[in-house]
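Engineer:
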Amino acid sequence: MKSSKAISVLLAIVLAVFALSASIAVPILFRSFYYAQIDSLALPEQTGWSKDVIRQAYDEVMDYLVFGAPFGTGSLRSSADGQAHFADCRALFRLDFILLGVSTILLIALTVWRRRRKTTFYHLCGHSAVFWAAAGLSAIFLLVALWAVIDFSSLFTAFHHAFFPGKTNWVFDWRTDEIILILPEAFWMRTGAFVLVLCLGGLWITAFAVWAACRWRKKLRIL
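In short: position in the sequence shown from 1, add 646, done, that's the working numbering.
(1) Since Leu687 sits in a beta bridge, which residues does DSSP pair it with?
(2) On the DSSP bridge assignment, give the partners of Leu770 in chain order.
(3) So, Leu656 versus Leu756, is the Cβ gap smaller than 9 Å?
(4) If I follow the unbroken alpha helix (DSSP H) through Gly720, where does it start and stop?
(5) Keeping to the same chain, check which residues put their C-beta closer than 6 Å to that of Thr693; ignore five residues upstream and five downstream.
(6) May I ask you to report which of helix, strand or coil DSSP gives Trp862?
(7) Classify Thr814: buried if its beta carbon has 16 or more other beta carbons within 10 angstroms, exposed otherwise.
(8) Let's test the definition: count the other Cβ atoms within 10 Å of the Cβ of Ser774 and tell me whether it reaches 16, buried, or not, exposed.
(9) Rounded to whole angstroms, how far is the Cβ of Ile653 from the Cβ of Tyr768, which I believe are closer than 8 Å?
(10) Mapping the DSSP letters down to three states, classify Pro830 as helix, strand or coil.
(11) Quick one: what does DSSP say Leu869 is sitting in, helix, strand or coil?
(12) Run through DSSP, which three-state label would Trp778 get?
(13) Name the two residues that bound the continuous alpha helix (DSSP H) containing Glu824.
(14) Excluding sequence positions up to five away, which residues of its chain have a Cβ less than 8 Å from the Cβ of Gln702?
(15) Can you confirm whether the region 659–668 touches the region 678–698 when touching is taken to mean that 3 or more C-beta pairs between the two stretches lie within less than 8 Å?
(16) In the DSSP assignment, find the unbroken alpha helix (DSSP H) run with Tyr704 in it and report its ends.
(17) Less than 9 Å between the C-beta atoms of Ile825 and Phe739, yes or no?
(18) For Trp778, count neighbouring Cβ atoms within 10 angstroms of its own Cβ and tell me buried if that reaches 16, exposed if not.
As C-alpha coordinates, this is what we get:
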(Lines of atoms letter the chains of each structure in order from A and count residues from 1; the text may use other names and numbers.)
(Lines give C-alpha, C1' and ligand atoms only; values in the text may rest on other atoms or scores of the structure.)
Protein backbone atom coordinates (compact mmCIF):
# COMPACT_ATOMS: atom_id res chain seq x y z
CA MET A 1 0.00 0.00 0.00
CA LYS A 2 1.33 3.42 -0.94
CA SER A 3 0.62 6.77 0.64
CA SER A 4 -1.01 9.63 -1.24
CA LYS A 5 0.84 11.98 -3.56
CA ALA A 6 0.13 14.84 -1.16
CA ILE A 7 1.98 13.07 1.66
CA SER A 8 4.98 12.48 -0.61
CA VAL A 9 5.01 16.14 -1.69
CA LEU A 10 4.86 17.16 1.97
CA LEU A 11 7.73 14.78 2.75
CA ALA A 12 9.85 16.28 -0.05
CA ILE A 13 9.26 19.81 1.27
CA VAL A 14 10.04 18.80 4.85
CA LEU A 15 13.21 17.02 3.75
CA ALA A 16 14.34 20.11 1.83
CA VAL A 17 13.69 22.38 4.82
CA PHE A 18 15.45 19.99 7.18
CA ALA A 19 18.51 19.59 4.97
CA LEU A 20 18.87 23.32 4.36
CA SER A 21 18.30 24.43 7.96
CA ALA A 22 20.61 21.71 9.31
CA SER A 23 23.35 22.67 6.85
CA ILE A 24 23.07 26.33 7.84
CA ALA A 25 23.23 25.39 11.52
CA VAL A 26 26.54 23.54 11.12
CA PRO A 27 28.83 26.57 10.53
CA ILE A 28 26.81 28.50 13.12
CA LEU A 29 27.27 25.94 15.88
CA PHE A 30 30.72 24.58 14.99
CA ARG A 31 33.07 27.52 15.30
CA SER A 32 36.05 25.50 14.15
CA PHE A 33 34.84 26.24 10.61
CA TYR A 34 35.53 29.94 11.16
CA TYR A 35 38.74 29.34 13.09
CA ALA A 36 40.11 27.47 10.07
CA GLN A 37 39.49 30.56 7.94
CA ILE A 38 41.63 32.84 10.11
CA ASP A 39 44.89 31.53 8.70
CA SER A 40 43.66 30.55 5.23
CA LEU A 41 42.30 34.07 4.66
CA ALA A 42 45.39 35.60 6.30
CA LEU A 43 43.20 37.68 8.61
CA PRO A 44 46.00 38.55 11.09
CA GLU A 45 48.12 39.87 8.23
CA GLN A 46 45.19 41.69 6.64
CA THR A 47 43.97 43.34 9.83
CA GLY A 48 47.05 43.61 12.01
CA TRP A 49 45.25 41.85 14.89
CA SER A 50 46.38 38.63 16.52
CA LYS A 51 44.49 35.36 16.18
CA ASP A 52 43.42 35.63 19.82
CA VAL A 53 41.90 39.08 19.26
CA ILE A 54 40.06 37.84 16.16
CA ARG A 55 38.76 34.72 17.88
CA GLN A 56 37.60 36.66 20.93
CA ALA A 57 35.67 39.12 18.76
CA TYR A 58 34.06 36.32 16.76
CA ASP A 59 33.21 34.28 19.86
CA GLU A 60 31.52 37.20 21.60
CA VAL A 61 29.39 37.95 18.54
CA MET A 62 28.41 34.29 18.17
CA ASP A 63 27.62 33.98 21.89
CA TYR A 64 25.23 36.89 21.40
CA LEU A 65 23.68 35.47 18.23
CA VAL A 66 23.26 31.89 19.43
CA PHE A 67 22.97 32.03 23.21
CA GLY A 68 21.66 35.55 23.82
CA ALA A 69 24.74 36.66 25.75
CA PRO A 70 25.39 40.41 26.08
CA PHE A 71 26.57 41.89 22.80
CA GLY A 72 30.29 42.36 22.38
CA THR A 73 33.05 42.36 19.78
CA GLY A 74 36.03 41.84 22.04
CA SER A 75 38.53 44.65 21.75
CA LEU A 76 37.18 45.75 18.36
CA ARG A 77 35.13 48.92 17.96
CA SER A 78 31.38 48.61 17.35
CA SER A 79 28.48 51.01 16.86
CA ALA A 80 24.79 51.09 17.76
CA ASP A 81 23.88 50.44 14.12
CA GLY A 82 26.20 47.45 14.06
CA GLN A 83 24.60 45.99 17.15
CA ALA A 84 21.14 46.59 15.69
CA HIS A 85 22.09 44.60 12.60
CA PHE A 86 23.36 41.71 14.69
CA ALA A 87 20.05 41.77 16.58
CA ASP A 88 18.31 41.24 13.22
CA CYS A 89 20.76 38.42 12.44
CA ARG A 90 19.95 36.80 15.78
CA ALA A 91 16.28 36.65 14.77
CA LEU A 92 17.27 34.86 11.54
CA PHE A 93 19.45 32.40 13.45
CA ARG A 94 16.54 31.60 15.74
CA LEU A 95 14.26 31.15 12.73
CA ASP A 96 16.71 28.63 11.29
CA PHE A 97 16.78 26.69 14.57
CA ILE A 98 12.98 26.73 14.69
CA LEU A 99 12.73 25.41 11.14
CA LEU A 100 15.27 22.71 11.96
CA GLY A 101 13.32 21.67 15.05
CA VAL A 102 9.91 21.67 13.35
CA SER A 103 11.16 19.79 10.27
CA THR A 104 12.84 17.19 12.51
CA ILE A 105 9.60 16.62 14.41
CA LEU A 106 7.63 16.34 11.15
CA LEU A 107 10.11 13.82 9.73
CA ILE A 108 9.80 11.70 12.85
CA ALA A 109 6.00 11.99 12.74
CA LEU A 110 5.85 10.98 9.07
CA THR A 111 8.15 8.02 9.71
CA VAL A 112 6.03 6.83 12.64
CA TRP A 113 2.85 7.32 10.57
CA ARG A 114 4.30 5.24 7.71
CA ARG A 115 5.27 2.39 10.01
CA ARG A 116 1.96 2.33 11.83
CA ARG A 117 0.03 2.39 8.57
CA LYS A 118 2.45 -0.21 7.12
CA THR A 119 2.65 1.81 3.95
CA THR A 120 5.34 3.20 1.65
CA PHE A 121 5.74 6.74 0.40
CA TYR A 122 4.49 7.36 -3.13
CA HIS A 123 7.23 7.76 -5.75
CA LEU A 124 6.39 10.80 -7.87
CA CYS A 125 7.26 10.05 -11.53
CA GLY A 126 9.18 7.03 -10.29
CA HIS A 127 11.40 9.00 -7.92
CA SER A 128 11.43 9.22 -4.13
CA ALA A 129 10.61 12.30 -2.09
CA VAL A 130 14.26 12.76 -1.16
CA PHE A 131 15.15 12.79 -4.87
CA TRP A 132 12.71 15.63 -5.50
CA ALA A 133 13.98 17.49 -2.43
CA ALA A 134 17.53 17.21 -3.77
CA ALA A 135 16.50 18.13 -7.32
CA GLY A 136 14.50 21.16 -6.21
CA LEU A 137 17.25 22.56 -4.01
CA SER A 138 19.87 21.76 -6.66
CA ALA A 139 17.99 23.87 -9.20
CA ILE A 140 17.72 26.77 -6.76
CA PHE A 141 21.35 26.52 -5.68
CA LEU A 142 22.51 26.31 -9.29
CA LEU A 143 20.85 29.63 -10.06
CA VAL A 144 22.31 31.19 -6.90
CA ALA A 145 25.77 29.78 -7.68
CA LEU A 146 25.68 31.20 -11.20
CA TRP A 147 24.68 34.57 -9.79
CA ALA A 148 27.53 34.39 -7.27
CA VAL A 149 30.07 33.55 -9.95
CA ILE A 150 28.87 36.37 -12.18
CA ASP A 151 28.56 39.03 -9.48
CA PHE A 152 28.83 37.97 -5.84
CA SER A 153 28.52 41.55 -4.58
CA SER A 154 25.09 42.01 -6.17
CA LEU A 155 23.95 38.66 -4.76
CA PHE A 156 25.19 39.71 -1.33
CA THR A 157 23.30 42.99 -1.63
CA ALA A 158 20.10 41.32 -2.86
CA PHE A 159 20.27 38.84 0.02
CA HIS A 160 20.39 41.64 2.57
CA HIS A 161 17.59 43.57 0.90
CA ALA A 162 15.44 40.41 1.00
CA PHE A 163 16.13 39.47 4.63
CA PHE A 164 16.56 42.97 6.07
CA PRO A 165 13.96 44.97 4.13
CA GLY A 166 14.06 48.71 4.52
CA LYS A 167 17.29 48.66 6.52
CA THR A 168 20.76 49.89 5.68
CA ASN A 169 22.61 49.15 8.92
CA TRP A 170 24.06 46.01 7.33
CA VAL A 171 26.40 48.28 5.37
CA PHE A 172 29.22 48.41 7.92
CA ASP A 173 31.82 51.14 8.16
CA TRP A 174 35.05 49.45 9.23
CA ARG A 175 36.09 52.59 11.09
CA THR A 176 33.15 52.27 13.52
CA ASP A 177 32.46 48.51 13.24
CA GLU A 178 35.80 46.78 12.96
CA ILE A 179 34.15 43.34 13.12
CA ILE A 180 33.51 43.58 9.39
CA LEU A 181 37.25 43.33 8.74
CA ILE A 182 37.34 39.79 10.14
CA LEU A 183 34.22 38.77 8.18
CA PRO A 184 35.26 39.52 4.57
CA GLU A 185 33.29 38.55 1.47
CA ALA A 186 35.63 35.62 0.90
CA PHE A 187 34.52 34.12 4.21
CA TRP A 188 30.84 34.38 3.25
CA MET A 189 31.54 32.82 -0.14
CA ARG A 190 33.24 29.88 1.56
CA THR A 191 30.40 29.58 4.07
CA GLY A 192 27.84 29.49 1.28
CA ALA A 193 29.82 26.83 -0.58
CA PHE A 194 30.14 24.78 2.62
CA VAL A 195 26.38 24.92 3.25
CA LEU A 196 25.72 23.96 -0.37
CA VAL A 197 28.01 20.92 -0.19
CA LEU A 198 26.53 19.76 3.11
CA CYS A 199 22.94 20.22 1.98
CA LEU A 200 23.10 18.79 -1.52
CA GLY A 201 25.69 16.17 -0.64
CA GLY A 202 23.55 14.85 2.18
CA LEU A 203 20.37 14.82 0.09
CA TRP A 204 21.89 13.18 -2.99
CA ILE A 205 23.66 10.53 -0.93
CA THR A 206 20.37 9.77 0.81
CA ALA A 207 18.51 9.72 -2.51
CA PHE A 208 21.01 7.23 -3.92
CA ALA A 209 20.71 5.07 -0.80
CA VAL A 210 16.90 5.03 -1.12
CA TRP A 211 17.17 4.16 -4.83
CA ALA A 212 19.65 1.35 -4.10
CA ALA A 213 17.45 -0.03 -1.32
CA CYS A 214 14.40 -0.06 -3.61
CA ARG A 215 16.36 -1.85 -6.33
CA TRP A 216 17.60 -4.42 -3.81
CA ARG A 217 14.09 -5.11 -2.53
CA LYS A 218 12.84 -5.62 -6.08
CA LYS A 219 15.60 -8.13 -6.78
CA LEU A 220 14.77 -10.02 -3.58
CA ARG A 221 11.13 -10.28 -4.68
CA ILE A 222 12.17 -11.63 -8.06
CA LEU A 223 14.47 -14.19 -6.47
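In this text, a Cβ means the ideal position worked out from N, Cα and C, and glycines have one as well.
Structural biologist: Put simply:
(1) Residue mapping note: residue 687 aligns to position 41 of the sequence shown, counting from 1. Beta-bridge pairing links Leu687 to no other residue.
(2) Translated into the one-based positions of the sequence shown, residue 770 becomes position 124. Looking at the DSSP assignment, Leu770 forms a beta bridge with His773.
(3) Locating residue 656 in the sequence shown gives position 10, where the first residue counts as 1. Locating residue 756 in the sequence shown gives position 110, where the first residue counts as 1. Contact: yes.
(4) The residue you call residue 720 lines up with position 74 of the sequence shown. Unbroken run through Gly720: none, as it is neither H nor E.
(5) Start at 1 with the first residue of the sequence shown, and residue 693 comes out as number 47. Leu827.
(6) Locating residue 862 in the sequence shown gives position 216, counting from the first residue. In the structure shown, Trp862 sits in a helix (DSSP, three-state: H, G or I).
(7) The residue labelled residue 814 in the question sits at position 168 within the sequence shown. Exposed, by the Cβ-count rule.
(8) Position 128 of the sequence shown, counted from the first residue, corresponds to residue 774. That one is buried.
(9) Here residue 653 is taken as the residue at index 7 of the sequence shown, counted from 1. Here residue 768 is taken as the residue at index 122 of the sequence shown, counted from 1. Yes, they are in contact, since the Cβ atoms of Ile653 and Tyr768 sit about 7 Å apart, within 8 Å.
(10) The sequence position of residue 830 within the sequence shown is 184, counting from 1. Coil, per DSSP.
(11) Residue numbering aside, residue 869 sits at position 223 when the sequence shown is read from its first letter. Below a pLDDT of 50, predicted positions are generally treated as unreliable, and Leu869, at 47, falls in that range; the measurement from the model is reported next regardless. Correct three-state label for Leu869: coil.
(12) Counting from one through the sequence shown, the residue named residue 778 turns up at place 132. Trp778 falls in the helix class under three-state DSSP.
(13) Within the sequence shown, numbered from 1, the residue matching residue 824 stands at position 178. Counting along the chain, Glu824 falls outside any alpha helix (DSSP H), and DSSP gives it neither H nor E.
(14) Working through the sequence shown from its first residue, we reach residue 702 at position 56. The residues are Gly720, Ser721.
(15) no
(16) The residue labelled residue 704 in the question sits at position 58 within the sequence shown. Residues 697–708.
(17) In the sequence shown, residue 825 corresponds to position 179, counting from 1. In the sequence shown, residue 739 corresponds to position 93, counting from 1. Not a contact, by the Cβ cut-off of 9 Å.
(18) By one-based count along the sequence shown, residue 778 stands at place 132. It counts as buried.
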